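For the sequence shown, the residue numbers in the numbering used here are 752 to 868.
I have placed the structure first, in the form of structure tokens, so that the comments after it can refer back to it.
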Amino acid sequence: QVQFVESGGGLVQAGGSLRLSCAASGRIFTASGMGWYRQAPGKQRELVAWISSGGTTTYVDSVKGRFTISRDNAKNTLFLQMNSLKPEDTAVYYCNSLTVALMGRGWGQGTQVTVSS
Numbered sequence: 752q753v754q755f756v757e758s759g760g761g762l763v764q765a766g767g768s769l770r771l772s773c774a775a776s777g778r779i780f781t782a783s784g785m786g787w788y789r790q791a792p793g794k795q796r797e798l799v800a801w802i803s804s805g806g807t808t809t810y811v812d813s814v815k816g817r818f819t820i821s822r823d824n825a826k827n828t829l830f831l832q833m834n835s836l837k838p839e840d841t842a843v844y845y846c847n848s849l850t851v852a853l854m855g856r857g858w859g860q861g862t863q864v865t866v867s868s
């Protein structure tokens, strides 16, 4: 059974930075494409950045140039470096395997990111 534990969220002023971490248990991490998702109040959860097992990264336009996703396969850990944060980045952030997420599984507690203006 795969589990993901997110950490690193907090309250930051607009323009600030945060680095999120996601610790993964289970064997799925190394072989999986992994993503960072977020859910803002009253909105659906959205995928904002993902990284293939080989390290290829992709971002949605709203975070491109500001967020960087990376992974440490030796430590089964996923990261999201978030710079130049905006109030509209306020959300609960989750990590998940892209495949597991499509099955509606693997969701952890997430980590709250709040950006004040």
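Don't be surprised by glycine CBs; every beta carbon is placed ideally from N, CA and C.
Just so it is clear, the structure is predicted and the values come from calculations on it, not from any experiment.
- About 5 Å separates the beta carbon of R822 from that of L829, a gap short enough to meet the 8 Å contact definition.
- Under a 10 Å Cβ-count criterion, R789 is classified as buried, with 16 or more other Cβ atoms of the shown protein chains found around its own Cβ.
- Taking C-beta atoms as the reference points, Q754 and S776 count as a pair closer than 8 Å.
- By the C-beta density criterion, N847 is buried, having at least 16 other C-beta atoms within 10 angstroms.
- Per DSSP, reduced to three states, the secondary structure at T828 is strand.
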